[in-house]
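K.L.:
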Amino acid sequence: MFSFFRRRHAADPPHPRPVPTRCPCTQTPPTIQTGGSIASSPRLRSVWALSPMCFMPLLGTVKEDGTIYMSDEWADTQMPVDGTEGCLRAFVQLKQQYSQMRVILSVGGGGKGSENFAAVAHSRSRLDTFARSARELVDRFGLDGIDVDWEHPSDSRQGKDYVRLLSRLRDVLPAPRYVLTTALPAGEWALRNIDLGAAQKYLDMINIMTYDFSGPWESETGHQAQLYGSPVSGYSSVDYVMMQGVPSRKIILGIPVYGRSFLGSNGPGQRYTGTGGEEGVFDYRELPRPGAQEYHDKQAGAAACVGPDGGFVTYDVPATVQQKAEFVTSSKLGGLFYWHICSDARGPRSLIETGYNTLHEM
């Protein structure tokens, strides 16, 4: 994931130094996997030129005993890249060129990536192993911190263990030297399991995944990342998190760089016959689909295209990103993050550049 932070104003409370949140892509870009260069990648280089920002390249997974291991050991730590070994070292090496860049490791992720968190967080010995492993990886590769991507604590007991895990990590990664962030779902159904007021004391940033509100798991279509509306939206999620005692400056609003497809429908609130694209998803750079009509629903802060190829495809466009960046500024949130950079378009349709420009023109 990739993040931008809004420009501070004199009336704002003191803000911690720019810190990373989440990575642009948890998988090494294909050009790197086949022997390409991180430093010379045009898409990545154009993003690094923007500031302030952060970049977190790779994903770690936790074992049953609490040890953290890299998801792709060869690509992450051994493959020759830009005169060094592995993408992790190559990204850290780039900090010499881009002083605003921060590199942190995200541990967990969706599905099996998070399956061992509950057992590890509930055991003191496993939790100690997890914390030691995190610090060892940070020191070994010269990283700036850790991102906890436990998706997600499913009950109040796991919620308490989650806070305990954050506390233990902060013990071994003290502020302000090290950065500690987390990613959380947007829905109250998941957030209510966590004492967010307690959790935020250990965190620099909380990345709210304000997307995937709709998908093939639902019986009807809906916008997947609307800023306003019901039953869940970017606004409602941010409001809930702030009501639990999280300072607004620690909240980062998520933007998807992909669209969700619903065949046999032409708008939200409809039945559908299936999904298009790859498992119901199109990269943003592939949108709008050929022959489709794109539109922006300003009231909902959402956009979509409708056509014969993908049916109703819901996604963000520059106009919705501008709305969200303006919401970030007016609400004094910390900034925006994107999932994920590799799917963005170039030029005037770039979501990342639109977000950056809007945040820094206000």
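Residue numbering for the sequence shown follows the UniProt record's numbering, beginning at 1 and increasing consecutively.
No residue lacks a Cβ here, since even glycine has one placed at the ideal position from N, Cα and C.
For Glu220, is the classification buried or exposed, using 16 other Cβ atoms within 10 angstroms of its Cβ as the cut-off for buried?
P.N.:
Exposed, by the Cβ-count rule.
K.L.:
Tell me, to the nearest whole angstrom, how far the beta carbon of Gly276 is from that of Asp316; I am working on the premise that it is less than 8 Å.
P.N.:
Not really, about 18 Å apart at Cβ, beyond 8 Å.
K.L.:
Measure the alpha-carbon distance for Trp150 versus Ala300 and round it to whole angstroms.
P.N.:
Approximately 29 Å between the Cα atoms of the pair.
K.L.:
Mind checking Arg124: buried by the 16 CB within 10 Å criterion, or exposed?
P.N.:
Arg124 should be labelled exposed.
K.L.:
With distances taken Cα to Cα, identify the nearest neighbour of Ser331 among His223, Ala118, Lys250 and Asp204.
P.N.:
Comparing Cα positions, the closest option is Lys250.
K.L.:
What did DSSP end up calling His360 once you bin it into helix, strand or coil?
P.N.:
Residue state, collapsed to three classes: helix.
K.L.:
Among all the DSSP beta bridges, which residues are the ones paired with Thr77?
P.N.:
Bridge partners of Thr77: none, in fact.
K.L.:
Can you give me the start and stop residues for the alpha helix (DSSP H) that Met243 sits inside?
P.N.:
From DSSP, the alpha helix (DSSP H) with Met243 extends over Gly234 to Met243.
K.L.:
Is DSSP giving Leu137 helix, strand or coil here?
P.N.:
The answer is helix: DSSP assigns Leu137 an H, G or I state.
K.L.:
For Arg260, does the three-state DSSP call read helix, strand or coil?
P.N.:
Residue state, collapsed to three classes: strand.
K.L.:
On the DSSP bridge list, what partners appear for Asn116?
P.N.:
Asn116 pairs with nothing; no bridge assigned.
K.L.:
Let me check one thing: in DSSP terms, what residues is Glu294 bridge-paired to?
P.N.:
Glu294 pairs with Cys305.
K.L.:
In this structure, does DSSP put Gly347 in helix, strand or coil?
P.N.:
Helix, per DSSP.
K.L.:
Return the chain-ordered list of same chain residues with a C-beta closer than 7 Å to the C-beta of Gln322, the five sequence neighbours on each side being excluded.
P.N.:
Thr354 and Thr358, listed in sequence order.
K.L.:
Tell whether a beta-carbon distance below 8 Å holds between Val257 and Asp128.
P.N.:
No, these two residues do not count as a Cβ contact at 8 Å.
K.L.:
Quick check: the segment 280-290 against the segment 233-252, are at least 3 beta-carbon pairs closer than 8 Å?
P.N.:
Result no; under three Cβ-Cβ pairs closer than 8 Å.
K.L.:
For Gly111 and Ala225, what's the separation of their Cα atoms in angstroms?
P.N.:
Cα to Cα, Gly111 sits roughly 21 Å from Ala225.
K.L.:
Taking just the CA atoms, how far does Gly269 sit from Cys25?
P.N.:
Because Cys25 sits at a pLDDT of 35, beneath the cut-off of 50, its placement in the model cannot be relied upon, and the point is left open.
K.L.:
Nearest to Thr84 by alpha carbon, out of Gly109, Thr67, Phe141 and Val107?
P.N.:
Of the listed residues, the one whose Cα sits closest to Thr84 is Phe141.
K.L.:
Please state if the CB of Val92 and the CB of Val81 are separated by a distance shorter than 8 Å.
P.N.:
Their beta carbons are not under 8 Å apart, which means Val81 does not touch Val92 by this criterion.
K.L.:
Per DSSP, what kind of secondary structure is Gly355 in: helix, strand or coil?
P.N.:
In the structure shown, Gly355 sits in a helix (DSSP, three-state: H, G or I).
K.L.:
Rounded to whole angstroms, what is the Cα-Cα separation between Glu361 and Arg271?
P.N.:
The alpha-carbon atoms of Glu361 and Arg271 are separated by roughly 41 Å.
K.L.:
Which residues does DSSP pair with Ile208 in a beta bridge?
P.N.:
Bridge partners of Ile208: Leu184 and Leu253.
K.L.:
From the DSSP output, in three-state form, read off Cys342 for me.
P.N.:
In the structure shown, Cys342 sits in a helix (DSSP, three-state: H, G or I).
K.L.:
So, are the CB atoms of Asn193 and Gly159 less than 8 Å apart?
P.N.:
Yes, they are a contact pair.
K.L.:
Would Gly86 and Gln78 qualify as a contact pair, given that the criterion is a beta-carbon distance under 8 Å?
P.N.:
Taking 8 Å as the Cβ cut-off, Gly86 and Gln78 qualify as a contacting pair.
K.L.:
Could you tell me which of Leu333, Arg164, Ala118 and Met101 sits nearest to Lys201, measuring between CA atoms?
P.N.:
Of the candidates Leu333, Arg164, Ala118 and Met101, the one whose C-alpha sits nearest the C-alpha of Lys201 is Arg164.
K.L.:
For Ser167 and Ala303, what's the separation of their Cα atoms in angstroms?
P.N.:
Looking at the two C-alpha atoms, the distance is approximately 39 Å.
K.L.:
Run through DSSP, which three-state label would Leu191 get?
P.N.:
In this structure, Leu191 counts as helix in the three-state DSSP scheme.
K.L.:
Roughly how many whole angstroms lie between the Cα atoms of Ala198 and Glu136?
P.N.:
Roughly 26 Å between the two C-alpha positions.
K.L.:
Can you determine whether any heavy atom of the ligand ADP sits closer than 7 Å to the C-beta of Ala302, and answer yes or no?
P.N.:
No copy of the ligand ADP occurs in the structure displayed, which carries no ligand at all.
K.L.:
Work out the CA separation of Trp74 and Gly274 for me, nearest whole Å.
P.N.:
Computed Cα separation, rounded: 37 Å.
K.L.:
Thinking just about the alpha-carbon of each residue, which of Cys342, Gly347, Leu351 and Arg346 is nearest to the one in Leu336?
P.N.:
For Leu336, the nearest C-alpha among the options comes from Leu351.
K.L.:
Using the DSSP secondary-structure output, state which residues sit across from Met70 in a beta bridge.
P.N.:
Gly60.
K.L.:
When you compare each of His122, Ile146, Ser114 and Gly229 to Pro176 by their alpha carbons, which one comes out closest?
P.N.:
Pro176 has its Cα closest to that of Ile146, out of His122, Ile146, Ser114 and Gly229.
K.L.:
With respect to the alpha helix (DSSP H) encompassing Leu169, which residues constitute its N-terminal and C-terminal limits?
P.N.:
That run of the alpha helix (DSSP H) goes Ser156 to Val172.
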